[in-house]
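Report on the structure given below.
In my numbering, the protein residues as written are 146 to 460.
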């Protein structure tokens, strides 16, 4: 009897979102020949160099780790040819792959993307789905082509977005479900039973990388839009405004509509456990905040240690 060898996998990923997929492959005993991740970066207040979550996971299981500055460089492509993977699996890697990497593996290059493609192609699909008030999202596993998240769909599953969901909660749920779908898609490709569905490119929407100005709260916006912005940026990178020239990040808030709210951004009421801020069409109540230079805390603790007066402006 001939024992069929499992295909060699090159896994490419960087942030926490990719870790459940890598662990699932390891748990299923699929041969991950090597892991490619972004170089160590300075992080935190001390700016100490820190390995990515994927690197830490790979090292825990003694999987070789490669950290090229650019996967397009010939020095990395030479290593890639030596590894000669049968399949590349990419989950939130952080660099655009050159055509050679996409085209080389005999079983293709699979990508786990946290949206219902062709919706929200791009770098920040979870954030933008929340910011734009979507009530559902999902995970899609595609066979990569040379476009941006435009390859054929292998598997896709839809999940509801709850009213209490933030970026953090949705991220963790989609990371876990993405790992499950990845293994299912992988097995379908290996067995030759996977079905490919071409994306309808006319329906494509985009989720570009977040810029600092995207995170600045515009109090002239509707209550719903402001609350959704806060949810979509919590806890990273965080929606913010300025109070007395100090940045204050807001990680969770609720809101209500009102016909006469006051000047947008104005603090109209302060209580022991409540801060009411006017918007164009109502009020926002910050519930979880962090003032520049201080720890993140609930609003009641913040108000206990920082005096805010009615009439002050958040801008």
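We put the CB at the ideal spot given by N, CA and C, even for glycine.
Per DSSP, which one or two residues make a beta bridge with residue i?
| i | result |
| --- | --- |
| residue 158 | 236 |
| residue 255 | 234, 288 |
| residue 360 | Note: residue 360 sits in no beta bridge, so no partner. |
| residue 211 | 181 |
| residue 428 | 401, 423 |
| residue 194 | 187 |
| residue 303 | 283 |
| residue 442 | 434 |
| residue 414 | 421 |
| residue 297 | 288 |
| residue 394 | 385, 435 |
| residue 342 | 298 |
| residue 459 | 388 |
| residue 266 | 351 |
Are residue i and residue j close, meaning C-beta to C-beta below 9 Å?
| i | j | result |
| --- | --- | --- |
| residue 379 | residue 311 | yes |
| residue 197 | residue 160 | yes |
| residue 352 | residue 265 | yes |
| residue 403 | residue 367 | no |
| residue 237 | residue 257 | yes |
| residue 251 | residue 299 | no |
| residue 320 | residue 164 | yes |
| residue 348 | residue 457 | no |
| residue 294 | residue 267 | yes |
| residue 432 | residue 453 | no |
| residue 174 | residue 151 | yes |
| residue 184 | residue 214 | yes |
| residue 391 | residue 358 | no |
| residue 377 | residue 276 | yes |
| residue 263 | residue 345 | yes |
| residue 328 | residue 170 | yes |
Near residue i, which residues of its chain fall below 7 Å by C-beta distance, leaving aside the five closest residues on each side in sequence?
| i | result |
| --- | --- |
| residue 245 | 222 |
| residue 429 | 368, 371, 372, 398, 400, 422 |
| residue 302 | 283, 284, 322, 326 |
| residue 243 | 216, 217 |
| residue 202 | 164, 167, 168 |
| residue 360 | 378, 382, 383, 384, 385 |
| residue 219 | none |
| residue 192 | none |
| residue 343 | 297 |
| residue 278 | 369, 373 |
| residue 313 | 379, 380 |
Tell me which same chain residues have a C-beta within less than 6 Å of the C-beta of residue i, skipping the five on either side of it?
| i | result |
| --- | --- |
| residue 148 | Note that residue 148 scores a pLDDT of 36, beneath 50, so its modelled location is shaky; the value from the coordinates is reported in the next line. No residues qualify anywhere along the chain. |
| residue 254 | 233, 247, 289 |
| residue 365 | 409, 425 |
| residue 411 | 423, 458 |
| residue 158 | 199, 236, 237, 238 |
| residue 187 | 194 |
| residue 127 | Nothing can be reported for residue 127: it is not among the residues displayed for the chain, which extend from 146 to 460. |
Residues in the same chain with beta-carbon distance under 8 Å from residue i, minus the five sequence neighbours each way, listed in chain order, please.
| i | result |
| --- | --- |
| residue 362 | 371, 374, 375, 384, 385, 386, 395, 459 |
| residue 211 | 179, 180, 181, 182, 221, 224 |
| residue 304 | 281, 282, 283, 284, 318, 319, 322 |
| residue 446 | none |
| residue 442 | 433, 434, 435 |
How close, in whole Å, do the beta carbons of residue i and residue j come, if the pair is a contact with beta carbons under 8 Å?
| i | j | result |
| --- | --- | --- |
| residue 209 | residue 154 | That belief does not hold up - the Cβ atoms of residue 209 and residue 154 are roughly 12 Å apart, past 8 Å. |
| residue 306 | residue 269 | Contact flag wrong, Cβ pair sits at about 15 Å. |
| residue 199 | residue 235 | About 11 Å separates the two Cβ atoms, so there is no contact after all. |
| residue 393 | residue 455 | In fact, because the Cβ distance is near 17 Å, the residues do not count as touching under 8 Å. |
| residue 156 | residue 316 | At roughly 19 Å, the Cβ-Cβ gap does not stay under 8 Å, so residue 156 and residue 316 are not in contact. |
Does residue i get closer than 9 Å to chain C when you measure Cβ to Cβ?
| i | result |
| --- | --- |
| residue 277 | Absent from the structure: chain C. Only one protein chain is present. |
Would you say residue i touches the ligand PLP, meaning its beta carbon is less than 8 Å from a heavy atom?
| i | result |
| --- | --- |
| residue 232 | As presented, the structure is devoid of all ligands, the ligand PLP included, so that no description of it is given. |
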